[in-house]
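J.: The structure follows.
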Amino acid sequence: MNCKKAMVLMSAAIDGELSVKESEELTHHLAACSECASEFQDAKKTKIIIRERIVRFEAPQALVESIVKLTSLTS
Amino acid sequence: MKEKKKVLSAQEELKQNEFQKEAVVHINALYNYALHLTLNPDDAEDLVQETYLKAYKFFDSFERGTNCKAWLFKILKNNYINKFRKNAREPGKVDYDLIKDFYHTIKDVQSDTTEAEADFFHSLMHEEVHQALNSLPEEFREVIQLCDIEGFTYEEIANMVESPIGTVRSRLYRGRKLLRAKLEDYARKHGYETDSEE
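So the sequence lines, in the order shown, correspond to chains S and H.
Position one of the first sequence corresponds to residue 1 (the numbering used here), numbered consecutively onward.
Position one of the second sequence corresponds to residue 1001 (the numbering used here), numbered consecutively onward.
Below, the structure written as structure tokens:
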């Protein structure tokens, strides 16, 4: 496997979406390529940072109430 | 007659209870998805409202035991397409000030604990990550949100965006690459050298 293919697989690897064969190939490549191994660590961190730093807004109370009301009205 | 009405309303009550338990609990996730699609709080509210109305109407067709959140997201996405795409109507003007205000209200109470060690990732502000994500083309922004923030599987995302799993995978790869470059730009502004490794 070359580094280009490894980069593509890394993205799916951090989501746990690789096939067994792909996963084995990537592990093999990462063990031999320190640059890709380092890139893989950064890719994992990017996913973490997105999850942690993206603010989750709460739905406005008026919206919550209107939905409860709407579903009651359709009965 | 009176008895029949009572039975029907009991069924309706069961449906309403189940809907609350299964569907309404996902309102915050749906609202966030709608905000990311429309980039406008008013449009997002409308979209969520319409989604729940439709979901309630067709709740009997929801396959019990499957992922209700994914089902709701799919309905919301379809509503979004019908509302803003089919009629070639653009979502309302992006209200950046309002979104910024949200951040200023919320960011102080956000936990900053992270598995990542202290490095350039740590220097990034909530608002910067948000802006970086929002600056991506929609096809990339959407899959990143569905995967990284909402935690859907590739199969669930593929179903929502009506594309093959391979396309989802490729969009995630390309989107993350773009996002990473933008995040590194912000980090450089904070004085971090992003090319060097820890």
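In this text, a Cβ means the ideal position worked out from N, Cα and C, and glycines have one as well.
1. Given that residue 1161 of chain H touches chain S, what residues does it touch there, using C-beta distances under 8 Å?
2. Is residue 46 of chain S helix, strand or coil when you go by DSSP?
3. Give me the chain H residues within the contact set of residue 66 of chain S, using Cβ-Cβ distance strictly less than 8 Å, ordered along the chain.
4. Cβ of residue 30 of chain S less than 8 Å from any chain H Cβ?
5. Taking only beta-carbon atoms, is residue 1056 of chain H less than 8 Å away from chain S?
6. Can you say whether residue 1066 of chain H is buried or exposed, counting buried as having 16 or more other CB atoms within 10 angstroms of its CB?
7. Can you pull the chain S residues whose beta carbon is under 7 Å from the beta carbon of residue 1019 of chain H, in chain order?
8. Consult DSSP for residue 955 of chain H and reduce its assignment to one of helix, strand or coil.
9. Pick helix, strand or coil for residue 1166 of chain H, following the three-state DSSP scheme.
10. Quick check on residue 21 of chain S - is its C-beta less than 8 Å from some C-beta in chain H?
11. First and last residue of the alpha helix (DSSP H) that includes residue 29 of chain S?
T.: Straight from the coordinates:
1. As a working note, residue 1161 of chain H is residue 161 in the second sequence. Those do not exist, as residue 1161 of chain H stays about 15 Å from chain S at its closest Cβ, beyond 8 Å.
2. The residue labelled residue 46 of chain S in the question sits at position 46 within the first sequence. Helix, per DSSP.
3. Translated into positions along the first sequence, residue 66 of chain S becomes position 66. What residue 66 of chain S touches in chain H: 1049.
4. Taking the first sequence and counting its residues from 1, one reaches residue 30 of chain S at position 30. Taking Cβ atoms only, chain H never reaches closer than 8 Å to residue 30 of chain S, which makes this a no.
5. Residue mapping note: residue 1056 of chain H aligns to position 56 of the second sequence, counting from 1. So yes, residue 1056 of chain H belongs to the interface.
6. Sequence index remark: in the second sequence, residue 1066 of chain H carries index 66 (1-based). Per the 10 Å Cβ criterion, exposed.
7. Working through the second sequence from its first residue, we reach residue 1019 of chain H at position 19. Ordered by position in chain S, the residues that pass the 7 Å Cβ test against residue 1019 of chain H are 71.
8. For chain H, the structure presents residues 1001 to 1198; residue 955 of chain H sits outside this window and is missing.
9. Mapped onto the second sequence, residue 1166 of chain H falls at position 166. In this structure, residue 1166 of chain H counts as helix in the three-state DSSP scheme.
10. Translated into the one-based positions of the first sequence, residue 21 of chain S becomes position 21. Not an interface residue.
11. The sequence position of residue 29 of chain S within the first sequence is 29, counting from 1. Residues 20-32.
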